[in-house]
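Undergrad:
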Amino acid sequence: MKDLTLVKRNISLLIFQFLIPVIQISLFCLCIGRNAEHISMALYNGEAVHGFPTENLSLQLLNKINPQQIDITSFNDFNKAMDLVKQGQYWSVIAIQDNFTQAVKNKFALVLVYIEF
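As numbered in our numbering, residues 2 to 118 make up the sequence shown, in order.
(1) Assign Ile71 to one of three DSSP states: helix, strand, or coil.
(2) Roughly how many angstroms lie between the CA atoms of Tyr91 and Ile12, to the nearest whole one?
(3) Considering only the beta carbon of each residue, do Leu44 and Ile21 sit closer than 8 Å?
(4) Could you check whether the region 24-36 touches the region 57-64, counting it as contact only if at least three pairs of C-beta atoms, one from each stretch, sit closer than 8 Å?
(5) In whole angstroms, give me the CA-to-CA distance for Ile16 and Cys30.
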């Protein structure tokens, strides 16, 4: 009862308490909510043979990446790519191991066996 009386007497405090979170969220979304563009990333593709990608699932996956959002630079050595990330030249490393295609096929085969069971 005491709290209700306090709220009735101080309507401006009640409005302030409800409006501040709305204003904070609106300002956050306005300032931070835009799409990221031109993020530089290093790529190590273990499935590429001598630097030339083969017809593996990794190539299909990499073709789906939007070049407006992510700028990819390929490297033949994972450690070199990782060192450049540590130096701050790239944001991250996309590392695709040499057994990526086979691992994906095995995963889907396991899912199909589970569904049939």
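Note that beta-carbon positions come from the ideal geometry of N, C-alpha and C, so glycine has one too. Please read these numbers as outputs of a predicted model, since none were measured by experiment.
TA: This is what the structure gives:
(1) Collapsing the DSSP output to three states places Ile71 in a strand.
(2) Straight-line Cα distance between these residues: approximately 52 Å.
(3) No, the Cβ-Cβ distance between Leu44 and Ile21 is not below 8 Å.
(4) The region 24-36 makes no contact with the region 57-64, as fewer than three CB pairs between them are under 8 Å.
(5) Approximately 22 Å, taken between the alpha carbons.
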